[in-house]
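S.K.: Sending over a structure as structure tokens; questions will come in a sec.
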Amino acid sequence: MPSRFELANAIRALSMDAVQKAKSGHPGAPMGMADIAEVLWNDHLSHNPANPHWANRDRFVLSNGHGSMLLYSLLHLSGYALSLEDLQNFRQLHSRTPGHPELGYTAGVETTTGPLGQGLANAVGMAIAERTLAAQFNRPGHTVIDHRTWCFLGDGCLMEGISHEVASLAGTQGLGKLVAFYDDNGISIDGEVEGWFTDDTAKRFEAYGWHVVPNVDGHKPDEIQAAIELAKSHDDKPSLIICKTIIGFGAPNKQGKEECHGAALGDDEVAAARVQLDWPHAPFHVPEEIYQGWDATARGTEREQEWEARLARYAEAFPSEAAELQRRLKGELPSDLTSEKLIEQAQEKAESIASRKASLACLNALGPQLPELLGGSADLAPSNLTFWQGAKAISQTEPGGNYLHYGVREFGMGAIMNGIAVHGGFVPYGATFLTFMEYMHNALRMAAIMHQQAIYVFTHDSIGLGEDGPTHQPIEQLGALRSTPNLATWRPADAVETAAAWDAALKCHSGPTALVLSRQNLPHQARDKSQLANIQRGGYVLKESQGSPELILIATGSEVGLAMDAAAELEAKGRAVRVVSMPSTGTFDAQDADYRESVLPRSVTKRIAIEASHYAYWYKYVGLDGDILGMHTFGESAPAGDLFQHFGFTVDNLVSKAETLLG
0 MPSRFELANA
10 IRALSMDAVQ
20 KAKSGHPGAP
30 MGMADIAEVL
40 WNDHLSHNPA
50 NPHWANRDRF
60 VLSNGHGSML
70 LYSLLHLSGY
80 ALSLEDLQNF
90 RQLHSRTPGH
100 PELGYTAGVE
110 TTTGPLGQGL
120 ANAVGMAIAE
130 RTLAAQFNRP
140 GHTVIDHRTW
150 CFLGDGCLME
160 GISHEVASLA
170 GTQGLGKLVA
180 FYDDNGISID
190 GEVEGWFTDD
200 TAKRFEAYGW
210 HVVPNVDGHK
220 PDEIQAAIEL
230 AKSHDDKPSL
240 IICKTIIGFG
250 APNKQGKEEC
260 HGAALGDDEV
270 AAARVQLDWP
280 HAPFHVPEEI
290 YQGWDATARG
300 TEREQEWEAR
310 LARYAEAFPS
320 EAAELQRRLK
330 GELPSDLTSE
340 KLIEQAQEKA
350 ESIASRKASL
360 ACLNALGPQL
370 PELLGGSADL
380 APSNLTFWQG
390 AKAISQTEPG
400 GNYLHYGVRE
410 FGMGAIMNGI
420 AVHGGFVPYG
430 ATFLTFMEYM
440 HNALRMAAIM
450 HQQAIYVFTH
460 DSIGLGEDGP
470 THQPIEQLGA
480 LRSTPNLATW
490 RPADAVETAA
500 AWDAALKCHS
510 GPTALVLSRQ
520 NLPHQARDKS
530 QLANIQRGGY
540 VLKESQGSPE
550 LILIATGSEV
560 GLAMDAAAEL
570 EAKGRAVRVV
580 SMPSTGTFDA
590 QDADYRESVL
600 PRSVTKRIAI
610 EASHYAYWYK
620 YVGLDGDILG
630 MHTFGESAPA
640 GDLFQHFGFT
650 VDNLVSKAET
660 LLG
């Protein structure tokens, strides 16, 4: 049987060989953390390489994702469908071993990491999902959800502000099945971190409410083993194991230096490391006895089979709960979901209310039908209106709820939602003001990259929020959302379009959705059945002109009412005006060419886009012959009505623009 040192050296060798072949990568972290990974993966991690999607597996997150060859080596050695050829294609186009771990590319990768700190946040989300799902479904004598979340992280993760947000919340929630390993090697890209990072990390995490195991020698398996056992014994709080390691361990001339952090070691240093580590094998060669020492397939299959037997007994005792659990783990919506009916009901009600209030009405109707909804707000629930009638806060003592009070932690909220989403069993939604989307944009971007269903409720969507002024009035944010690939962005014009947006968000399983909602009341718009159906196409003709249109007004959200009023005045003056409501530009752009032409015919070149947001995005629809009524500056502090008047969002100004354009 190979020694632990030999098993760990297989990670070091594969990592330095792959980085060297690619002439690019980060060998330092994999070589420094190899001993920690060997103890964790061989003695504690409950997983099955034969089924990477086993529902009750432990989750492993490499938050310092630049050290991706550590994870790829672990997956390859332990038996996942990741070949030596895949390792040899490290960082190459369309390979299964991209530069940072990416969900969907590689069997066994649980989440996409790389932007530092977000992996830790994802791990917090996974731990919340596990505990909440367990509280909702486990029954006395029947434990079907019971697994841990393990996270590797480095100095960079702890320097990022998001680590403070999520570690604080994890401590408050008492997430006892979350264990993080801090690779305390004292090195980052710029060199020795003592010049810019001197936090007392142990005291910091103790203050958050974590259990901390300090001063572990990350190259001594016995110390690592003892630290893990100690962490597992504290089930009332998350644990941080602080491991002192040597970056690039085994590379005699570069270990302990920033030189091995983000660059290939070089042929000479790789050869010297082979001697130093007593690893005489050729590049990418692993002896069979090493593979046998690593292979986790047999015990993983046995663990999964034991769990399947438990699940079968659970299904006999609680058949409806078992069926519901399976549905949620598959990500399937209930067959009797009535989200589409909400659109017709809102049309019949014909209520003029703020779209944030219309959103709450949707949640009150949908919540009882969708126990998988796991909501939250960044300390703005009374303003975002996301705490619906059946919402129940999740806490350390009441873990079975369906709503998280994230506190003022927008970025942390977004990344925790990603962890909840990739874990499975929930559809997370989280809310804040639209302007604070900037705090969480990178987490939202990661959801889009990973094709995860997460729903962002962004309220107070324009200068219409009024007196709080330009710091709180979003201008450029809508453009940023709309330009994010694989993100569906909806800015509904009234309660009807809000219901349609929620329906679309719940049925969008391939990526996140942003719902952009108003603070102020929005007038109800009348529609026929065809128009109701076409809302889901992202853009549609809300008001047809009398005769062939000579002008098209395109608007979203609160400005649709303005467009309708201006169109009525223009038609009274004999002008033929079509009004297009476009609640989701990306959805509209994805429609077939014939439909898009039917809404925005190329023959009608006189067009005006109206939106109380940055103007530049709308040129793609109005062209050089059109005009845009939008924002060119930041807002001001004043009542909403005064602001719309001040910035020209009035019927008179829009009519004047139209008459100038038409000549």
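Residue numbers (numbering that gives the first Met the number 0): 0 to 662.
No residue lacks a Cβ here, since even glycine has one placed at the ideal position from N, Cα and C.
For clarity, every value in this text was computed on a predicted model and none was experimentally measured.
1) Which first and last residues belong to the alpha helix (DSSP H) in which Ile-454 is found?
2) By Cβ distance, which residues of its chain are closer than 7 Å to Thr-434, with the 5 residues on each side in sequence left out?
3) If contacts are defined as beta-carbon pairs under 8 Å, then Gly-406 and Ala-377 qualify, I think. What distance do you get, rounded to the angstrom?
4) If distances are taken between C-alpha atoms only, which option among Gln-346, Lys-176 and Ile-609 comes closest to Glu-228?
5) To which residues does DSSP link Met-630 through a beta bridge?
6) Against chain C, with Cβ distances strictly below 8 Å, would Lys-22 count as a contact?
7) Go ahead and label Glu-287 buried or exposed: buried means 16 or more other beta carbons lie within 10 angstroms of its beta carbon, across all protein chains shown.
8) Hey, Gly-124 and Ala-28: beta-carbon distance below 8 Å or not?
9) Please classify Phe-89: is it buried, with 16 or more other beta-carbons within 10 angstroms of its beta-carbon, or exposed?
10) For the segment 471-512, which segments carrying the beta strand (DSSP E) assignment without a break, of at least 3 residues, lie completely within its bounds, in sequence order?
11) Given this structure, state the Cα-to-Cα distance separating Ile-462 from Pro-548, to the nearest angstrom.
12) Suppose the cutoff is 8 Å on Cβ atoms and the five residues either side in sequence are ignored; what does the same chain contact list for Pro-469 look like?
13) Look up Pro-251 in the DSSP assignment and say whether it is helix, strand or coil.
14) For Glu-610, which option in Asp-591, Asp-593, Arg-595 and Met-581 has the closest C-alpha, if you only look at C-alpha atoms?
15) What is the DSSP secondary structure of Asp-593, counted as helix, strand or coil?
16) Which value, in whole angstroms, describes the spacing of the CA atoms of Val-598 and Gly-585?
17) Using the C-alpha atoms, what's the distance from Val-559 back to Lys-202?
18) Which residue marks the beginning of the beta strand (DSSP E) containing Pro-48, and which one marks its end?
19) I need the straight-line Cα distance from Ala-120 to Ala-414, nearest angstrom please.
20) Among the candidates Asp-145, Glu-222 and Gly-155, whose CA atom is the shortest distance from the CA of Arg-3?
21) Where do the ends of the alpha helix (DSSP H) carrying Tyr-438 lie?
22) Using only alpha-carbon positions, find the residue among Ala-281, Pro-220, Gly-155 and Ala-179 that is nearest to Leu-83.
23) Tell me whether the segment 56-75 and the segment 137-155 touch, counting them as touching only if at least three CB pairs, one residue from each stretch, are closer than 8 Å.
24) Report yes or no: do the segment 486-499 and the segment 541-557 share at least 3 C-beta pairs separated by less than 8 Å?
25) Tell me whether Phe-386 sits in a helix, a strand or coil according to DSSP, three-state version.
26) In this structure, does DSSP put Val-540 in helix, strand or coil?
27) Is there contact here, the segment 422-437 with the segment 121-141, by at least three beta-carbon pairs under 8 Å?
28) Using the Cβ count rule (16 or more neighbours within 10 Å means buried), how would you classify Tyr-618?
29) Hey, which unbroken runs of the alpha helix (DSSP H) at 4 residues or more fall wholly within the segment 42-102?
M.R.: Well, looking at it:
1) As a first step, residue 454 must be located in the sequence shown, where it is residue number 455. It is not in any alpha helix (DSSP H) - Ile-454 instead sits in the beta strand (DSSP E) that spans 454-458.
2) Residue numbering aside, residue 434 sits at position 435 when the sequence shown is read from its first letter. These residues qualify, in order along the chain: His-471, Gln-472, Pro-473 and Gln-476.
3) Against the sequence shown, residue 406 aligns to sequence position 407. Against the sequence shown, residue 377 aligns to sequence position 378. That belief holds up - the Cβ atoms of Gly-406 and Ala-377 are roughly 7 Å apart, short of 8 Å.
4) To locate residue 228, count along the sequence shown from 1; it is residue 229. Closest option to Glu-228, Cα to Cα, is Lys-176.
5) Start at 1 with the first residue of the sequence shown, and residue 630 comes out as number 631. DSSP output for Met-630 lists His-613 as bridge partner(s).
6) Note that chain C does not occur in the displayed structure, where there is just one protein chain.
7) Sequence index remark: in the sequence shown, residue 287 carries index 288 (1-based). The residue in question, Glu-287, is exposed, as its Cβ has fewer than 16 Cβ neighbours within 10 Å.
8) In the sequence shown, counting from the first residue as 1, residue 124 sits at position 125. In the sequence shown, counting from the first residue as 1, residue 28 sits at position 29. Not a contact, by the Cβ cut-off of 8 Å.
9) Taking the sequence shown and counting its residues from 1, the one referred to as residue 89 is at position 90. Of the residues assessed, Phe-89 falls on the buried side of the cut-off, its CB having 16 or more other CB atoms within 10 angstroms.
10) Complete beta strand (DSSP E) runs here, min 3: 487-489.
11) Residue mapping note: residue 462 aligns to position 463 of the sequence shown, counting from 1. Residue mapping note: residue 548 aligns to position 549 of the sequence shown, counting from 1. Roughly 31 Å separates the two Cα atoms.
12) Residue numbering aside, residue 469 sits at position 470 when the sequence shown is read from its first letter. If we look at Pro-469 and ignore the five residues flanking it on each side, its Cβ neighbours are Phe-633, Gly-634, Glu-635 and Ser-636.
13) Counting from one through the sequence shown, the residue named residue 251 turns up at place 252. It is coil, neither helix nor strand.
14) Taking the sequence shown and counting its residues from 1, the one referred to as residue 610 is at position 611. It is Met-581 whose Cα lies nearest to the Cα of Glu-610.
15) The sequence position of residue 593 within the sequence shown is 594, counting from 1. Note: Asp-593 maps to helix in three-state DSSP.
16) As a first step, residue 598 must be located in the sequence shown, where it is residue number 599. As a first step, residue 585 must be located in the sequence shown, where it is residue number 586. Distance between the alpha carbons of Val-598 and Gly-585 is about 15 Å.
17) For this step, residue 202 is matched to residue 203 along the sequence shown. For this step, residue 559 is matched to residue 560 along the sequence shown. Answer to the nearest angstrom: the Cα atoms are 54 Å apart.
18) Position 49 of the sequence shown, counting from 1, holds the residue named residue 48. Going by DSSP, Pro-48 is part of no beta strand (DSSP E) at all; its letter is neither H nor E.
19) One-based indexing of the sequence shown puts residue 120 at position 121. One-based indexing of the sequence shown puts residue 414 at position 415. Near 5 Å, if we compare the C-alpha coordinates of Ala-414 and Ala-120.
20) Here residue 3 is taken as the residue at index 4 of the sequence shown, counted from 1. Checked all of Asp-145, Glu-222 and Gly-155; the closest Cα to Arg-3 is Glu-222.
21) Taking the first residue of the sequence shown as position 1, residue 438 is located at position 439. Where Tyr-438 is concerned, the enclosing alpha helix (DSSP H) stretches over 436-449.
22) Within the sequence shown, the letter at position 84 stands for residue 83. Comparing alpha carbon positions, the residue from Ala-281, Pro-220, Gly-155 and Ala-179 closest to Leu-83 is Ala-281.
23) yes
24) yes
25) For the purposes of this step, residue 386 is taken as residue 387 along the sequence shown, with counting starting at 1. Of the three classes helix, strand and coil, the one that applies to Phe-386 here is coil, per DSSP.
26) Indexing the sequence shown from 1 puts residue 540 at position 541. Here Val-540 sits in strand by DSSP.
27) yes
28) On the sequence shown, position 619 is the one that residue 618 refers to. It counts as exposed.
29) 67-77 and 83-87
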